[in-house]
Amino acid sequence: MRPALRRLFLRALSTDSAAVLRDDHWETRCLHCRKRLQVRGDGEALGQATLEHVVPQAWFGKRAAIPLCERVGDDANDPRNLAIACAGCNHGKGVSHDARGPSDARAFEVVSQLLDSRLARWREPDVAAD
Ligand SMILES: [Zn+2]
């Protein structure tokens, strides 16, 4: 896995109150279904763990998504916009909501609620973590 992607995993985990570093790996839960997921200590995903952009990257720069993008500092890779999700949930979301775009009221609502869930799990990162 690319080092840049591993850094994004670590950025998500270090700011996720559900994530715990045990010995050589992180344990957390899928943002959607709360399935247990693991990521190696160096950020390499294990098993079903995937990196999710809560507000889809493709929505940045779109007028209808401005209220959501502002909540994560207008940066798709801001840690507030990053979460760990299982492959099944992440793929399902991509098909059903992201593709419809922020002008779709239902898609906007789903992403907004997901961002609420992500921010409810927010914790300040260790200064040394990122
Ligand atoms: Zn899941």
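UniProt numbering numbers the first residue of the sequence shown as 1 and each following residue consecutively.
All residues carry an ideal CB built from backbone N, CA and C; glycine is no exception.
None of the values given here were measured: they were computed from a predicted structure.
Proximal residues to T50 (C-beta, below 6 Å), its chain only, five neighbours per side dropped
Leaving aside the five residues that flank T50 on each side, the residues in its chain whose CB is nearer than 6 Å to its CB run, in chain order, A85, A87, N90.
Item to complete: Starting from the Cα of A83, find the closest Cα among D42, A105, S117 and give me that residue.
Response: S117
inquiry  = Check whether the region 59-74 and the region 96-106 touch, using three or more Cβ-Cβ pairs below 8 Å as the test.
reply    = yes
Q: Output the boundary residues of the beta strand (DSSP E) element that contains C86.
A: 82-86
Next item on the list: Return yes when at least one heavy atom of ligand 1 lies under 7 Å from the C-beta of H53, else no.
Entry: Incorrect: H53 has no Cβ contact closer than 7 Å to ligand 1.
Quiz item: Using the beta carbon as the reference atom, which residues fall closer than 6 Å to any heavy atom of ligand 1, ordered along the chain?
Solution: With 6 Å as the limit between CB and the heavy atoms of ligand 1, the residues that fall short of it are C30, H32, C33, K35, A85, C86, G88, C89.
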